[in-house]
Amino acid sequence: MEFADLIKTPKLDGVLLHDPSNAGASGATVGTLCITGHHLLLSARQETSQELWLLHKNIDCVEKKPSLSQNIVVGGLITLKCKDLRIISLEIKCGKEFFNVAASLEALSAIQNTELLYPFFYRPMYSILEDGYTMFRPELEFAKLISGVGMGGGSSPNVANITICMPSTSTTSLAVGPGIPHPLQNGFAIDALAGNPGGGVLQGSQAGCEWRISNVNRDFSVCATYGATLIVPKAITDEQIVLSAAFRDGGRFPVLSYRHENGATLMRSSQPLSIQGIKRCRADEAILNLVLGRSRKGFIVDTWGKGKSNTETDLHYSQWKKVNRSIGNVSSPASILDSFARLIEACNDLGCSTDKWLSRLENSGWLSLVLNSLNASCVVAQCLDQEGSPVLVHGAKGLDSTLIVTSLVQIILNPDCRTVRGLQALIEREWIQAGHPFASRHRYSCYTPNQTRNKSSGATFVLFLDCIYQLYTQFPCSFEFSTQLLILLFEHSYFSQYGTFLCDSERERSELHVHTRTTSLWSYLNRPDVLQTLLNPLYEPNANVIWPSVAPISLELWSDLYLRWVIDQRSCATVMSQIQELVTREKELRTQALKLRKQALELGQEVSTLMKGADNA
Numbered sequence: 004m005e006f007a008d009l010i011k012t013p014k015l016d017g018v019l020l021h022d023p024s025n026a027g028a029s030g031a032t033v034g035t036l037c038i039t040g041h042h043l044l045l046s047a048r049q050e051t052s053q054e055l056w057l058l059h060k061n062i063d064c065v066e067k068k069p070s071l072s073q074n075i076v077v078g079g080l081i082t083l084k085c086k087d088l089r090i091i092s093l094e095i096k097c098g099k100e101f102f103n104v105a106a107s108l109e110a111l112s113a114i115q116n117t118e119l120l121y122p123f124f125y126r127p128m129y130s131i132l133e134d135g136y137t138m139f140r141p142e143l144e145f146a147k148l149i150s151g152v153g154m155g156g157g158s159s160p161n162v163a164n165i166t167i168c169m170p171s172t173s174t175t176s177l178a179v180g181p182g183i184p185h186p187l188q189n190g191f192a193i194d195a196l197a198g199n200p201g202g203g204v205l206q207g208s209q210a211g212c213e214w215r216i217s218n219v220n221r222d223f224s225v226c227a228t229y230g231a232t233l234i235v236p237k238a239i240t241d242e243q244i245v246l247s248a249a250f251r252d253g254g255r256f257p258v259l260s261y262r263h264e265n266g267a268t269l270m271r272s273s274q275p276l277s278i279q280g281i282k283r284c285r286a287d288e289a290i291l292n293l294v295l296g297r298s299r300k301g302f303i304v305d306t307w308g309k310g311k312s313n314t315e316t317d318l319h320y321s322q323w324k325k326v327n328r329s330i331g332n333v334s335s336p337a338s339i340l341d342s343f344a345r346l347i348e349a350c351n352d353l354g355c356s357t358d359k360w361l362s363r364l365e366n367s368g369w370l371s372l373v374l375n376s377l378n379a380s381c382v383v384a385q386c387l388d389q390e391g392s393p394v395l396v397h398g399a400k401g402l403d404s405t406l407i408v409t410s411l412v413q414i415i416l417n418p419d420c421r422t423v424r425g426l427q428a429l430i431e432r433e434w435i436q437a438g439h440p441f442a443s444r445h446r447y448s449c450y451t452p453n454q455t456r457n458k459s460s461g462a463t464f465v466l467f468l469d470c471i472y473q474l475y476t477q478f479p480c481s482f483e484f485s486t487q488l489l490i491l492l493f494e495h496s497y498f499s500q501y502g503t504f505l506c507d508s509e510r511e512r513s514e515l516h517v518h519t520r521t522t523s524l525w526s527y528l529n530r531p532d533v534l535q536t537l538l539n540p541l542y543e544p545n546a547n548v549i550w551p552s553v554a555p556i557s558l559e560l561w562s563d564l565y566l567r568w569v570i571d572q573r574s575c576a577t578v579m580s581q582i583q584e585l586v587t588r589e590k591e592l593r594t595q596a597l598k599l600r601k602q603a604l605e606l607g608q609e610v611s612t613l614m615k616g617a618d619n620a
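Just so we're on the same page, the working numbering is the position in the sequence shown counted from 1, plus 3.
Okay, here's the thing in structure tokens:
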């Protein structure tokens, strides 16, 4: 298929653009419309006007309203509802061109062939300083995970000492630093010496649980949604992993997600399958019992909802306490998107009264999902930090609510995840490599009618970002990044020139050679000039656990995102600029004060010397 086959009108003059967010006082701009294989462009060719560049992938819904004259279509209004929540309209004066433009945009925005998307055609005009695809390799991130040092490189030491136990009796000590390849191989055990001065094996939850890198899923045959490289207990064989995978929905057997500084481990999986006649899996029980170690109890947290998902039987998992912490009354990921759609519908309604708007906000159920996600995450974090007990989190297929909870837990407990690189590493590890199906979930967004979008659509990642925003508002000085980074992540997860969020799994990305054919978003965000615009001027490193309030009154509507095309946000930008200036000025004054103190000390010493000389004379 050629793009030219889908573009019926590549260029059209005299198109009227209605864009409340960019238009001038008249509310509209007249210009020339151009349609390319990946972009819609509109330019008024005037210095005072702003050009419109819109990726077709950003278009969520195309609505047509023809204009009739004596029952003949003489043009019309094409409304584009975008995945970045913007709504713009194109007014076209010719009937034929009206239908041609609408048909072209509908076809181009609905392309399903991943290899025809813009990331495969985009070539950056800047030099790549760091390859984002190798920045957070699973082997190195897992090594940091076990050793207990910071992940993502944001606040971690330059070198972490890791001992690789070979299958033989010998051990080899390696210095693992940022950007240095890590020679972990299948079957090697990771014994972190950090926090274990005596050397030897650093144990899991209190005892007896070494970990190893396993490549049992290197061909993705054990679990199609997991990555090729996984970390599992050393004493568990690959055969046991295969058996455990057969017991779990989608083959998502328990894998390590996070190890807390006290040794307590967080694992994630999918729920057990409901197969008649099969009530247990000894290999699956062995994995959890080995992780349990000397702990008297562990916790299995179900995030999907009581009665909606299968769980482990008390008889065969007697030391594991079952805890239900559903994130909401949702029956599928599409239910989360339904809630998100109701929220945005309420945000876009400028004509309703305050009482009606608040009622619509509550009826959307979105803030309840946010509250329940934070609540579940706090429960898991308490089990790890205060109980010192291992936790297994699962819910349905383990692709949505499970990832929200395991990710938020790490942001609450691990200060490194509150840095720019730490957040990137977390998203790479817990979402992209963990198999969250971004392509399926983000194929449609909130503007596509409910009856049109499929059940695999969702807004799980948006919910996760909103939860981070809530943490940010409660701890504004504990995050290295500003909310602008969260907004960028929201946008690029739906439409992007970068390949980071392409496809549904590592298997699909591997088949399409995404890592060699596209550019990583992380390569762009970590450029010094870009990174500077994403930093929080109020940031003060905070090594403590941050415990958020989960009272409903503590939640805030993320107006920077949900209302940015509805309410002018320039005042907020002005305030942030003033804060940045004040912080910069404060640093300058502090530096100047230190210099003056030094000069005063030197003058004092000089006066003292002169006085001593005078006394001696």
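Ideal Cβ placement from N, Cα and C applies to all residues, glycine included. All figures in this text were calculated on a predicted structure; none of them were measured in a lab.
Rounded separation between residue i and residue j - CA only
i, j, result
"V219", "E511", "18 Å"
"S260", "P440", "18 Å"
"R285", "L276", "14 Å"
"A428", "E315", "31 Å"
"L538", "P479", "12 Å"
"L558", "V235", "37 Å"
"G438", "K14", "40 Å"
"A106", "E66", "11 Å"
"G198", "L406", "Here G198 scores only 36 on pLDDT, less than 50, and its place in the model is too uncertain to base an answer on."
"R48", "V33", "9 Å"
"Q385", "L119", "46 Å"
"Q595", "Y229", "54 Å"
"V76", "V373", "46 Å"
"D8", "T39", "11 Å"
"A267", "G331", "27 Å"
"T455", "I62", "15 Å"
"L80", "R530", "41 Å"
"S423", "I278", "What sits at residue 423 in the sequence shown is Val, not Ser. Approximately 43 Å between the Cα atoms of the pair."
"K96", "L55", "19 Å"
"E144", "L246", "26 Å"
"K11", "L36", "13 Å"
"P555", "A462", "21 Å"
"Q209", "A146", "Unreliable placement is indicated for Q209, whose pLDDT of 39 sits below 50; no coordinate value is reported for it."
"S57", "I415", "Checking the displayed sequence, the identity of residue 57 turns out to be Leu instead of Ser. The straight-line gap from Cα to Cα measures roughly 36 Å."
"V408", "Y125", "34 Å"
"L1", "L606", "The structure shown does not extend to residue 1, since the chain is modelled only from 4 to 620, so the question has no answer here."
Range covered by the beta strand (DSSP E) that runs through residue i
i, result
"L36", "T32 to I38"
"C85", "I75 to C85"
"I90", "I90 to I95"
"F482", "Segment: none, F482 is in no beta strand (DSSP E) and carries neither H nor E."
"L71", "I62 to S72"
"N327", "W323 to N327"
"F302", "G301 to D305"
"I216", "W214 to S217"
"L43", "H42 to S46"
Supposed close pair residue i, residue j - CB separation, criterion 8 Å
i, j, result
"D305", "K325", "7 Å"
"L411", "S392", "Actually they do not touch by this definition, with Cβ atoms about 18 Å apart."
"S499", "P122", "7 Å"
"G301", "Q322", "6 Å"
"S460", "L340", "5 Å"
"L111", "H59", "4 Å"
"Q477", "S376", "With a Cβ gap of about 14 Å, Q477 and S376 do not count as contacting."
"Q413", "P141", "Not confirmed; about 16 Å, so no contact."
"Y565", "C64", "Not confirmed; about 17 Å, so no contact."
"I582", "P540", "5 Å"
Bounding residues of the alpha helix (DSSP H) (the contiguous stretch that carries residue i)
i, result
"K99", "G98 to S112"
"S24", "That residue, S24, is in no alpha helix (DSSP H); it is neither H nor E in DSSP."
"L293", "R285 to L295"
"L58", "Taken as a continuous stretch (DSSP letters only), L58 belongs to no alpha helix (DSSP H), being part of the beta strand (DSSP E) at L55 to L58."
> Which runs of the alpha helix (DSSP H), 4 residues or longer, sit entirely within the segment 515–600?
Replying inline: Counting only runs of 4+ residues, the alpha helix (DSSP H) found wholly inside the segment 515–600 occupies 517–520, 524–528, 531–534 and 562–565, in chain order.
> Which whole runs of the beta strand (DSSP E) in the segment 240–283 are 3 residues long or more, in chain order?
Replying inline: Listed in chain order, they are 258–262 and 268–272.
>> Extract the residue ranges of the beta strand (DSSP E) inside the segment 345–426, only unbroken runs of 3 or more that lie entirely within it.
In response: Counting whole runs of 3 or more residues, the segment 345–426 contains the beta strand (DSSP E) stretches 394–397.
>> Pairs of beta-carbons, one from the segment 513–523 and one from the segment 397–404, closer than 8 Å: are there three or more?
In response: Short answer: they don't touch.
> Should the segment 480–488 be called in touch with the segment 99–113, which here means at least 3 C-beta pairs below 8 Å?
Replying inline: They do not touch, by the three-pair rule.
> Taking contact to mean at least 3 C-beta pairs separated by less than 8 Å, is the segment 548–564 in contact with the segment 591–608?
Replying inline: In short, these stretches do not touch, since the Cβ pair count stays below three.
> Which ranges does the alpha helix (DSSP H) cover as unbroken runs of at least 4 residues, wholly within the segment 440–476, from first to last along the chain?
Replying inline: Secondary structure in the segment 440–476: the alpha helix (DSSP H) runs of 4 residues or longer, each lying completely within the stretch, are 441–444 in chain order.
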